[in-house]
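Numbering (the working numbering), first residue to last: 5 to 521.
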């Protein structure tokens, strides 16, 4: 990737400065012939798509214009308005592209040996190496991970606007808004799944159930008719977006005191949230329909509401000592979860990736016991499931709908951290050095009261209902699992308190030495 950037700044007057820039990035990835797999090139995948594992994305020039401004209103430094808009380009993690080098049916293979007669042990690591690499093209079982020939590196358009205002009493208020829109983001599909070969389920949940999870999944594979686990194609999507609204108030007091409070509201929607393995980035994206569709939903790491407050006091004394005491409080939404079925409802070859349909009534779902030990009747199962839905704010508000990906939000958690930092200033050869010793208590509130600062986790979002097969009418049947099957304790609450380190207080000691301060 080669880049060139030009920028110019223009002062309209003493109070208004304009900055404009233009960046050009050239992407170029060579396509080695060693990856050529003629057997794959001849195959027809979902909706006739063809794959050439030896071809990487075409070279392309990506243009990124941008403009920004800074306005000192009235020239009094009381009000400042700043902002900008532009396109920004970045490369994807190269492992996403290098997946193709290892998943092409040519470069790597494996042997499963049950009888060592023809493969006796030897310390020579090259003893059984395939010296004739050309025969690798005759592999008949493998995975494929390729990049669309028209794939472009990531680009997004981002715009922000902020106002800094000096308020009475020496308080500085800031409000900032930011909006981002994907131009070239990533999207993964499995073209070895025939998304047109299936039929709708019977009942209100009428999503497609596929006749086979693989187009090429021969039980007795040959190079011409292989057994391909997945054929994952990475391409682009422009559907994602996000926006953030932030307000802060800060003030420096006399005597070394400082205080700051702020609130941020964020919304972010995405198609894919990233990862390292092509298959997992397709497999772990929860959907209620076609698993190859570029459906937009809440981003995995979205935190919609976040409030912070910071207070600090610093005192320097005796010419070479300084002490800082800080408090930091944070209150924010918990993690996000997706309500999915256990099992493979749509027969796409994946378990646990199908978002549930939230039933309005008993008539909309066929319930059965989870196993032979589960003797609950359909009425008992519905009573327990209905009670669970009633107590869950998200499920109860969306009856008769498909659950959305990452729509369940963990309860808000508030934590208080404290820090004491002791500085020792040293003069060495006329230069000032600094030795700093820090003492931190994370989740200090939990140290005072074990009920404070406790996070919660979802008891059973993934696998809230287990798919048990089709009944005689072709309608899918489900079981509603116990919270504790051994003791037959029903699932009644969405969340339980977490006992991991996020819900415990922790102490940290640190030492840092800074040269030439």
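Positions of the beta carbon are idealized from the N, C-alpha and C atoms, including for glycine.
Please read all numbers here as calculations on a predicted model, not as lab measurements.
Check, Outcome
"Counted within 10 angstroms of its Cβ, other Cβ atoms place residue 49 as buried (16 or more) or exposed", "buried"
"Cβ-based neighbour list, residue 179, same chain, cut-off 6 Å, excluding 5 preceding and 5 following", "167, 251"
"Same chain, Cβ closer than 8 Å to residue 560, five either side skipped, listed in chain order", "For the chain, the structure presents residues 5 to 521; residue 560 sits outside this window and is missing."
"Residue closest to residue 310, alpha-carbon to alpha-carbon, out of 493, 25, 281, 248", "248"
"Straight-line gap, residue 417 to residue 128 (C-alpha atoms, nearest Å)", "57 Å"
"Helix, strand or coil at residue 44 [DSSP, three-state]", "helix"
"Option in 368, 378, 56 with minimal Cα separation from residue 149", "56"
"Strand pairing of residue 437, partner residues [DSSP]", "430"
"Spatial distance of residue 206 from residue 412 (CA atoms)", "27 Å"
"Residue 160 vs residue 130 beta-carbon contact at 7 Å", "no"
"For residue 416, three-class secondary structure by DSSP", "coil"
"Spatial distance of residue 287 from residue 100 (CA atoms)", "15 Å"
"Stretch pair the region 298-317 + the region 265-277: three plus CB contacts closer than 8 Å", "yes"
"Pair within 7 Å by beta-carbon distance, residue 480 and residue 414", "no"
"Anticipated Cβ contact below 8 Å, residue 61 with residue 90, distance rounded", "Their Cβ separation, rounded to whole angstroms, is 24 Å, which puts residue 61 and residue 90 out of contact at 8 Å."
"Simplified DSSP assignment, three categories, for residue 408", "coil"
"Nearest to residue 43 (by Cα), restricted to the options 231, 14, 71", "231"
"Three-way DSSP call (helix, strand, coil) for residue 149 in this model", "strand"
"Residue range of the unbroken beta strand (DSSP E) whose run includes residue 401", "Looking at the DSSP string, residue 401 is not in any beta strand (DSSP E); the run it does join, the alpha helix (DSSP H), is 397-401."
"Residue-level contact to chain B via CB, residue 261, 7 Å cutoff", "Absence of chain B from the displayed structure is noted, only one protein chain being present."
"Residues sharing a beta bridge with residue 333, DSSP", "313, 420"
"As assigned by DSSP and simplified to three states, the class of residue 390", "helix"
"Whole runs of the beta strand (DSSP E) within the region 259-331, excluding any shorter than 3 residues", "261-274, 309-321"
"C-beta contact flag for residue 369 and residue 407 at 7 Å", "no"
"Between the CA atoms of residue 440 and residue 357 - distance to the nearest angstrom", "49 Å"
"Contacting residues, own chain, Cβ-Cβ under 6 Å from residue 517 (five flanking each side not counted)", "439"
"Range of the contiguous alpha helix (DSSP H) that encloses residue 103", "98-106"
"Whole-Å CB distance - residue 326 paired with residue 421, under 8 Å assumed", "No, residue 326 and residue 421 are not in contact; Cβ-Cβ is about 20 Å, not under 8 Å."
"Delimiting residues of the alpha helix (DSSP H) encompassing residue 449", "448-452"
"Residues of its chain near residue 393, where Cβ-Cβ distance is below 6 Å and the 5 sequence neighbours each way are ignored", "399, 400"
"Neighbourhood of residue 23 by C-beta, 6 Å cutoff - its chain only, sequence neighbours within 5 removed", "13, 72"
"Residue 146 versus 235, 81, 189, residue with shortest Cα-Cα distance", "235"
"For residue 460 and residue 519, believed in contact at Cβ under 8 Å, the rounded distance", "Wrong, their Cβ atoms sit about 45 Å apart, outside the cutoff."
"Rounded C-alpha distance that separates residue 454 from residue 509", "9 Å"
"Per-residue burial, residue 362 [other beta carbons within 10 Å of its own, 16 or more giving buried]", "buried"
"Where residue 156 sits in the DSSP three-state scheme", "coil"
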